[in-house]
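Enquirer: Just so you know, we're using my numbering here: the sequence shown kicks off at 2 and counts up by one.
Even glycine gets a Cβ: it sits at the ideal position worked out from N, Cα and C.
Model, not experiment: these values are computed from the prediction.
First the structure, then my questions, so here it is.
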Amino acid sequence: MDQLPAPDIGGNDVLPKMLPTTLEKIGESLNTRGEIPADTLVDPDGRIVAFSRRLEQKHAEELQEERELLQHIAKKSGKELISWDTCLWTALGCVCIIACGVIPAFILPHDFTEFLQSNYGRRSLHLLLSFTVGSLIGDVFLHLLPTVWADAQVDRLIAGVWTTAGVLFCFMLEKFCSTNEFSQRRMCAVLNLIANFMDNFTHGLAVGGSFLMDTKLGLLTTFSIVIHELPHEISDFAILLRADFNRWSAVRAQLLTAVGGALGACTALFLHTECTKNEASQNILPFTAGGFINIALAQILPELMKETDSRYQFTATIDQGRVYLVN
């Protein structure tokens, strides 16, 4: 069989001339792009079709380093990047705390105004006030002050000064602003609302700070605060009823104090710094504890001591002891 002739491409000297020219073009293209890893996919014209895996890994590492640098800068400034999930969980925790202040309004009888005017109704209110005294004292000595003393960074002398300041503030405000028994009861209710606002602010700080650390910890903290706050909110409602607040006026007042919890949570999320928690432990909590001591022992308890029925006094004392232990 005859062999086919080779194609004529211009002579034997053409191929050696074309090959160096093509190699030079590819080399120039590669040099303009710098060193390209061996596993990079490049077309004959020198265009990169697909980057190497090593180059992609390096790019991902650079992004991670930038992210860590931003986190470091944020921590140095006392702030940290917060996710939307953390904000939503914190808002849910605040809603639970706010709901605690409204629940007592729905467990009262519809005709509670007429009920309180009866002899049995007044006795029931006094028993509820006994419940209030036990709740406030338990909150002070089993919750607020132990929280302050447990913080190693808190100066106990300063904490004691703030506690005394809380007692004296409520005492002076009551003496200067109340002229009769009715105004004294009103002032007691106002002072309790102020103290409750500050207490809710610290609860909001705890909820916001817990959710910043971990979602499970935040849920546990919220649950603990709700269980602790339910008897306390009933006590607050009793103080408002004693000051002749009607049902919905008391609800509005409770919602106003609940704003403190929302503000505390927003403060924790915005600042995200241990300084805020230390300030709360050293100043706000002791001052609130002093206010609760004055309200319970100097304003509510003397009224309960006027009762002459020994059986009623015994029942009231048992109620106070129960609520103290519940706290």
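Cβ atoms of Thr-148 and Asn-197: under 7 Å apart, would you say?
Expert: On the sequence shown, residue 197 is found 196 positions in, with the first residue counted as 1. On the sequence shown, residue 148 is found 147 positions in, with the first residue counted as 1. Cβ atoms of Asn-197 and Thr-148: not closer than 7 Å.
Enquirer: Should Pro-303 go down as buried or exposed, given a rule of 16 or more other Cβ atoms within 10 Å for buried?
Expert: Along the sequence shown, read from residue 1 onward, the residue named residue 303 stands at position 302. It is exposed - the Cβ of Pro-303 has fewer than 16 other Cβ atoms within 10 Å.
Enquirer: Between Phe-224, Ile-104 and Phe-172, which has its C-alpha nearest Trp-249's C-alpha?
Expert: By one-based count along the sequence shown, residue 249 stands at place 248. Cα-wise, what sits closest to Trp-249 is Ile-104.
Enquirer: Could you check the C-alpha separation between Thr-203 and Leu-174 for me, to the nearest Å?
Expert: Here residue 203 is taken as the residue at index 202 of the sequence shown, counted from 1. Here residue 174 is taken as the residue at index 173 of the sequence shown, counted from 1. So the two alpha carbons sit approximately 23 Å from each other.
Enquirer: Check for me: the alpha helix (DSSP H) holding His-233 runs from which residue to which?
Expert: Here residue 233 corresponds to residue number 232 of the sequence shown, with the count starting at 1. His-233 -> alpha helix (DSSP H) spans 216 to 243.
Enquirer: Thinking Leu-270 and Cys-88 are a contact (beta carbons under 8 Å), I'd like their distance in whole angstroms, please.
Expert: Looking up residue 270 in the sequence shown gives position 269. Looking up residue 88 in the sequence shown gives position 87. With a Cβ gap of about 7 Å, Leu-270 and Cys-88 count as contacting.
Enquirer: Cβ of Phe-293 within 7 Å of Cβ of Val-141?
Expert: Locating residue 293 in the sequence shown gives position 292, counting from the first residue. Locating residue 141 in the sequence shown gives position 140, counting from the first residue. Yes, the Cβ-Cβ distance between Phe-293 and Val-141 is below 7 Å.
Enquirer: Determine the extent of the alpha helix (DSSP H) in which Asp-86 is found, giving its start and end residues.
Expert: Position 85 of the sequence shown, counted from the first residue, corresponds to residue 86. Asp-86 -> alpha helix (DSSP H) spans 85 to 108.
Enquirer: Report the rounded CA-to-CA distance for Gln-58 versus Leu-64, giving the unit in angstroms.
Expert: Residue numbering aside, residue 58 sits at position 57 when the sequence shown is read from its first letter. Residue numbering aside, residue 64 sits at position 63 when the sequence shown is read from its first letter. Rounded to whole angstroms, Gln-58 to Leu-64 spans 10 Å at the Cα level.
Enquirer: Are the Cβ atoms of Leu-231 and Cys-95 separated by less than 7 Å?
Expert: Reading the sequence shown from its first residue, position 230 is the one you call residue 231. Reading the sequence shown from its first residue, position 94 is the one you call residue 95. Going by C-beta atoms, Leu-231 is not nearer than 7 Å to Cys-95.
Enquirer: Once you ignore the five residues that flank Val-1 on each side, which residues in its own chain have a CB closer than 6 Å to its CB?
Expert: Nothing can be reported for residue 1: it is not among the residues displayed for the chain, which extend from 2 to 328.
Enquirer: Who are the Cβ neighbours of Ala-166 in its own chain at under 7 Å, not counting the five residues just before and after it?
Expert: Translated into the one-based positions of the sequence shown, residue 166 becomes position 165. Cβ within range, chain order: Phe-288 and Gly-291.
Enquirer: State the Cα-Cα distance for the pair Met-199 and Ile-240, rounded to the nearest angstrom.
Expert: Locating residue 199 in the sequence shown gives position 198, counting from the first residue. Locating residue 240 in the sequence shown gives position 239, counting from the first residue. Met-199 and Ile-240: Cα-Cα distance of roughly 17 Å.
Enquirer: Assuming Ser-131 contacts Leu-305 under a Cβ cut-off of 8 Å, what Cβ separation, rounded to an integer in Å, is found between them?
Expert: For the purposes of this step, residue 131 is identified with residue 130 of the sequence shown, where counting begins at 1. For the purposes of this step, residue 305 is identified with residue 304 of the sequence shown, where counting begins at 1. At roughly 6 Å, the Cβ-Cβ gap stays under 8 Å, so Ser-131 and Leu-305 are in contact.
Enquirer: Check each candidate in Thr-223, Ile-226, Leu-218 and Ala-244 and name the one with the smallest Cα separation from Ala-190.
Expert: The residue you call residue 190 lines up with position 189 of the sequence shown. When each option's Cα is compared against that of Ala-190, the closest is Ala-244.
Enquirer: Measure from the alpha carbon of Leu-158 to the alpha carbon of each residue in Asn-284, Leu-145, Val-252 and Gly-265, then state which is nearest.
Expert: Residue numbering aside, residue 158 sits at position 157 when the sequence shown is read from its first letter. Nearest option by C-alpha distance: Asn-284.
Enquirer: Assign Ala-254 to one of two classes, buried (16 or more other C-beta atoms within 10 Å of its C-beta) or exposed (fewer than that).
Expert: Numbered from 1 along the sequence shown, position 253 holds the residue referred to as residue 254. Answer is buried; the Cβ neighbour count reaches 16.
Enquirer: For Met-173, which three-state DSSP category applies?
Expert: Along the sequence shown, read from residue 1 onward, the residue named residue 173 stands at position 172. Note: Met-173 maps to helix in three-state DSSP.
Enquirer: Alpha carbons only, please: which of Ser-184, Met-188, Glu-69 and Asn-193 is nearest the one belonging to Leu-137?
Expert: For the purposes of this step, residue 137 is identified with residue 136 of the sequence shown, where counting begins at 1. Comparing Cα positions, the closest option is Asn-193.
Enquirer: Please go through the same chain and pick out, in chain order, the residues whose beta-carbon is closer than 8 Å to the beta-carbon of Asp-86, but skip the five residues on each side of it.
Expert: Numbered from 1 along the sequence shown, position 85 holds the residue referred to as residue 86. Excluding sequence neighbours, Asp-86 sits near Thr-216.
Enquirer: When you compare only the Cα positions, how much space is there between Glu-67 and Val-252?
Expert: Within the sequence shown, the letter at position 66 stands for residue 67. Within the sequence shown, the letter at position 251 stands for residue 252. Each residue's Cα considered, the two are about 50 Å apart.
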